[in-house]
Structures are given as C-alpha cells and as structure tokens.
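Residue numbers (our numbering): 15 to 364.
Idealized CB from N, CA, C, for every residue including glycine.
All figures in this text were calculated on a predicted structure; none of them were measured in a lab.
One structure below.
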Ligand SMILES: Cc1c2[nH]c(c1CCC(=O)O)Cc1[nH]c(c(CCC(=O)O)c1C)Cc1[nH]c(c(CCC(=O)O)c1C)Cc1[nH]c(c(C)c1CCC(=O)O)C2
C-alpha cells in the first residue's frame, strides 16, 4: 500500500542520479527487457514488436519481467525509439534481426515538411502503461526514454540501420538548413514523447543518442547538440540520463546538452570519463555517470565478470554518483542467470 512504501525519491537509483551515494550501488541494464528472457519470448510470441509497444498490459508485463527476475534497481519502460515516429504516422516497421526500417527515407525538403507532429493521444497506450507500472513497481523507479534527434534522423535518412551514416552526414553537410529543419521536427516529437511519459509518472528519463559516436565533436556541437539540448531542456522535473555508444570524445558536449547523468560505454573507464567531464566544466558540480560493463563480458565466466564489476565500481567512485549499467544493451544470447549474478555482484558491499 502506498503509505507503507518508502519515499521513492530515496530509491538508490534516484539518490545516485542526484549525485549522492546510496546504501548500495544501483544497477539496471539497457535492454534488460527483451530477448535474453524466455518469459519475454513467450509473451511476445505472435505479436509484432510495435504492436506490443502499444498494448499497455503487455508493456507492463514485459517491463516487470527483469525486475522480478534480476532484482534490478530500475525498470526501463518497454518501448522503442521509433514508437513516437510510428505513432505520429511515419510508415516504418521493426524487422526482427535488423531493426527499424523506414518505407520512404527522408531526403528532400518536401519529405521533411511532410513529417507529422506527435500528439499526446497518439501515444495514450504508453501513458496508460506507465500508470499500470507505477502501481506495480512499488519503490523501484520507472525509467522512461526516447531516441535523440540525431539517432532518429539516421534511421529516417538511411531508411534503416547504417554502419557509416553516409546519407545522414551528406544531408547534414550538404544542406545544413534542411538538416536543422529535420532535427527541429524530431526534437519536437521526442520532447512531446518524453513529456507524456513524465506526466504519466516516469521517475527518470534516458535520451538514447546511440549512434552519436559516429560524429566528430565539431559536427556534434554544430549539428546535433542544440537539438538534443532543446529536448533535455524540456524535461525539468526528473533526472535526465544522456547516453550514446563510442562517445568518448563527446562526453563533455553530451553533458553540456543538459544531462544530469552521463552514460558511458565500455571503451572509456569511468574515472577517465569523470576526469574529462570535470576538466571540461570545472565550474559545474562533480559529474554523475552511468555504466559501463562491456555486454560481451556477460559471456566471459564468473571470475572475469567479478573482476570487471569490482573494477567498474572502484572507477565509479571518482564520480559524485554512479549508476551501474552495461556499456550498451544486453545481447540477445546472454544467459539470464548471469545477468542476475551480475546484479548480486554489483550489490555486494565493498
Ligand atoms: C537504436 C535503438 C533502437 N531501439 C532502442 C535503441 C537505443 C538503444 C540502443 O542503442 O540499443 C531502444 C530500446 N529498444 C527496446 C528498449 C526496451 C527496454 C529495454 O532496454 O529493456 C529500448 C530502450 C526494445 C526493443 N527494440 C527492439 C527489440 C527486439 C525486437 C524483438 O524482440 O523482436 C527490443 C526488445 C528492436 C530494435 N529497435 C532498434 C534496434 C536496433 C532493434 C533490434 C533489432 C534486432 O536485432 O532485432 C532501434
């Protein structure tokens, strides 16, 4: 019952997000809800990914699965970065084993002008799922999320997953006005998607700029940062985590965009990340970081896993607060029992 529950703002994940040191290191894993879990594969069978994301009961069940099984300190809403685009009317699908595929890639001014806005009622099932989850989760905070404008733009312009993002970069440099018009529209959709989640009761949000690491810092600052800053600036009541892969060079700029917590992939040790963030902004409070176990280490056996978890916890002490996570998402073939063990190792004192 609500009055028997602890104050959720004191949940370890939210304490760490504010730059505090809770009684235990909080841990959750990107992609903790999903294919590594047999119970996920069972309830998802026969339902398309994007249909599942619009079914509040199913979203609630899938989001809860890793919390029940692993005892993680945060629940990540089961959804996808392309959900708000699809809901707004963009013709796209998620193809198993591939990722998001867009029917008509965005290349011209007319394509950008034709991109719809997102209206609250189009993502009502997501808000409903957040409501259901808050009743079930007790004192485990629910993390909402959205894809950042650049990562969404990459899918829209390339038409699907891309290794080199060449069409995206060609548009960025070849027609900067059109590029900024595209990112402006995407920032509006992303901000609205996050606003709906926060209004429905998520306790933190993560902005996924998964592919931002493909950019130089110069390009990131010129072509991306202002739009991500607009999105992050629109979230004022819950902590904001800002994450990308291969972003060693971008960490200070990503913090500058408006992150309370900077997500770090496995390539940069957390203490190195903290030193970089501090050197770039000596006037700001000591940074808070999230990360950064290499997802592949969940395949390396328990002794190696234990060493890595201990190392990352030690390196995380350089930050004001540390939320333990992977450096990117759980790989689909990961043994769920190893994930549970990793959570126990993170929670172990010392
Ligand atoms: C780039 C990106 C996407 N989606 C997402 C990102 C950013 C995170 C990252 O960098 O990995 C974000 C995402 N997608 C999903 C979540 C759910 C919550 C969680 O983290 O547990 C989250 C946070 C579910 C999903 N999103 C997707 C799945 C797999 C679909 C399935 O189970 O059939 C899940 C569980 C599909 C998806 N959607 C996307 C990809 C690359 C894929 C995988 C395609 C594949 O390998 O089959 C786009």
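Identify every residue that forms a DSSP beta bridge with residue i.
i, result
"residue 254", "219"
"residue 170", "None; residue 170 has no bridge partner."
"residue 41", "338"
"residue 90", "157"
Quick one: give me the first and last residue of the beta strand (DSSP E) that residue i is part of.
i, result
"residue 160", "156-161"
"residue 335", "335-340"
"residue 277", "275-277"
"residue 116", "113-116"
"residue 106", "106-109"
Nearest to residue i by CA position, among the options, is which residue?
i, options, result
"residue 198", "233, 154, 131, 257", "131"
"residue 249", "231, 264, 260, 215", "215"
"residue 204", "98, 281, 156, 339", "98"
"residue 84", "359, 353, 361", "353"
"residue 103", "90, 118, 276", "118"
"residue 59", "150, 206, 76", "76"
"residue 40", "344, 346, 335", "335"
"residue 134", "226, 101, 111", "101"
"residue 227", "78, 23, 280", "280"
"residue 144", "192, 190, 218", "218"
"residue 157", "171, 56, 256", "256"
"residue 187", "238, 174, 275", "238"
"residue 207", "295, 139, 128", "139"
"residue 371", "350, 251, 245, 111", "Outside the displayed span of the chain (15 to 364) sits residue 371, for which this structure offers no information."
"residue 346", "33, 192, 55, 22", "55"
"residue 35", "302, 358, 167, 356", "302"
"residue 365", "299, 293, 115, 304", "Outside the displayed span of the chain (15 to 364) sits residue 365, for which this structure offers no information."
"residue 321", "289, 362, 297", "362"
"residue 332", "115, 287, 112", "287"
Kindly indicate the opening and closing residues of the alpha helix (DSSP H) around residue i.
i, result
"residue 307", "Segment 302-307 is the beta strand (DSSP E) holding residue 307; no alpha helix (DSSP H) there."
"residue 26", "26-31"
"residue 147", "138-151"
"residue 70", "70-84"
"residue 95", "That residue, residue 95, is in no alpha helix (DSSP H); it is neither H nor E in DSSP."
"residue 317", "316-330"
"residue 349", "Segment: none, residue 349 is in no alpha helix (DSSP H) and carries neither H nor E."
"residue 211", "190-214"
"residue 241", "239-247"
"residue 266", "265-270"
"residue 284", "284-294"
"residue 57", "52-58"
"residue 363", "It is not in any alpha helix (DSSP H) - residue 363 carries neither H nor E in the DSSP assignment."
"residue 125", "123-128"
"residue 64", "63-66"
The region 156-166 in contact with the region 216-223 per 3-pair CB rule at 8 Å = yes
query = Are there three or more Cβ pairs, one per stretch, closer than 8 Å when the region 317-331 is compared with the region 253-269?
reply = no
ask   = Should the region 338-351 be called in touch with the region 29-49, which here means at least 3 C-beta pairs below 8 Å?
value = The answer is yes - the region 29-49 touches the region 338-351, with three or more Cβ pairs under 8 Å.
task = Inspect the CB distances between the region 145-154 and the region 59-75 and report whether three or more fall short of 8 Å.
result = yes
message = Does the contact criterion of 3 or more C-beta pairs under 8 Å hold for the region 228-235 versus the region 188-195?
response = no
ask   = Should the region 16-36 be called in touch with the region 311-324, which here means at least 3 C-beta pairs below 8 Å?
value = no
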